[in-house]
Amino acid sequence: MAKIGSMKRAASSLLILGALLSLAPFAPAAAALVGGAALALTLGNPFQGLTRTWAHRLLPLAVVGLGADMDLRAVAKAGWHGLGYTALSLSLVLALGWALARLLKVEREAGLLISVGTAICGGSAIAAVAPVIRAKEHEISVALATVFLLNAAALVIFPPLGHAAGLGQDAFGLWSALAIHDTSSVVGAGLAYGPRALEVATTVKLARALWIVPLTLGLGWNMARHNPSAEAATTPTKPWFIAGFLAVAALVTFLPGLHATGHLVAFAARRALVLTLFLIGAGLSRDALRRVGLRPFTQGLLLWLMVGSLGLVAVKLGLLTVG
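Quick note: my numbering has the sequence shown finishing at residue 1620, numbered continuously throughout.
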């Protein structure tokens, strides 16, 4: 008992220290995520519920704050220019995910959640779609754990891969927004690559996140049509942080006097994002790893590799551009 108590105290101290270090200007996003995960998997996280709650609260606030360093005209241009290939890529990813789930005999709901999480914005999309398709708790856990593991890997390996492929900041920002699951890791990868990569990655990813709304409504309508007696929750999660991001970007764009303040707000938001990634890593548990079955993980891994490879080829060939 004494040993367990001392380990818990050590874990608590390291958790607090890691959170404080994440706020330091020199702390990289990938190191924060890996550090949080390493702590959780070795000593454990005595504050699992608390870190999960704060990660969910901080992420949208950090995204909103990043708008203070963006030009709304560039945001609008990126969103409008990417409308066509966003719709095409989402359709392609969902079709590939469906085919892989059938091939690997993954449970239908779990396979759909993994596909949706890969196509749009990871855990947020899974959380929005799960009640609509009446997914079971273990299916949601498997999908979230699969996406989390691949999302964490992407944050670490994408920046060096981008440099190895000779991608400029625009190209890398676009590629990461297409091929990395969660908004947090997309922004983290862009932050590691450069300021322009961060701007492109954030705007394109947020434009994709808007597709949560029509997708959940479409799935709800389809389920009601095939199973009229099912009481599915068809109201999609409202991505309010996107509206906040646009509002803050509009303020700094059209009120030049706010530029200096905007830079400070954006700096604070970037540090909050790194802290969020540390908390997300600290939320990983051995139980979550055990829940990831081989077949769902294989589906998620193959789908992610396909999306990343096709996206990289399209960006390198100039088939996809920022505009």
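For every residue, glycine included, the Cβ atom is placed at its ideal position computed from N, Cα and C. Bear in mind the structure is a predicted one, so any value in this text is a computation, not a measurement.
- In the structure shown, K1502 falls within a helical segment according to DSSP collapsed to helix, strand and coil.
- Under the criterion of beta carbons closer than 8 Å, A1579 and L1312 qualify as touching, at roughly 6 Å.
- Under the DSSP assignment, A1321 falls outside any alpha helix (DSSP H); it carries neither an H nor an E label.
- Within its own chain, the residues whose Cβ lies closer than 7 Å to the Cβ of L1358, once the five positions on either side in sequence are excluded, are A1569, listed in chain order.
- By the criterion of a C-beta distance shorter than 7 Å, R1505 is surrounded in its chain by T1383, I1417, C1418, A1474, once the five residues flanking it on both sides are discounted.
- Remark: C-beta atoms of T1348 and S1481 do not approach each other more closely than 7 Å.
- The three-state secondary structure of F1551, taken from DSSP, is helix.
- In the pairwise beta carbon analysis, the region 1598-1608 is classified as touching the region 1389-1399: at least three pairs are separated by under 8 Å.
- DSSP places K1305 within a helical segment (H, G or I) once states are collapsed to three.
- When I1509, L1447, I1454 are compared, the shortest CA-CA separation from A1425 is found for I1509.
- Secondary structure of P1457 (DSSP, three-state): helix.
- Using a 10 angstroms sphere on the CB of P1492, the tally of other CB atoms stays under 16, which defines it as exposed.
- Between the region 1359-1370 and the region 1549-1568 there are three or more inter-stretch CB-CB distances shorter than 8 Å, so the stretches are counted as touching.
- Along the length of the region 1366-1450, whole alpha helix (DSSP H) runs at least 4 residues long occupy 1369-1378, 1380-1401, 1405-1416, 1419-1426, reported in chain order.
- For D1467, the enclosing alpha helix (DSSP H) covers residues 1466-1476.
- V1545 counts as buried, since at least 16 other C-beta atoms from the protein chains shown sit within 10 angstroms of its C-beta.
- In terms of CA proximity to K1433, G1408 leads the group A1449, L1452, V1331, G1408.
- Contact annotation: I1477 and V1483 have beta-carbon atoms nearer than 7 Å.
- Contact check for L1363 against A1494 fails: the beta carbons are separated by 7 Å or more.
- If you draw a straight line from the Cα of T1513 to the Cα of R1587, it comes to about 29 Å.
- When rounded, the separation of the alpha-carbon atoms in L1397 and A1468 is 28 Å.
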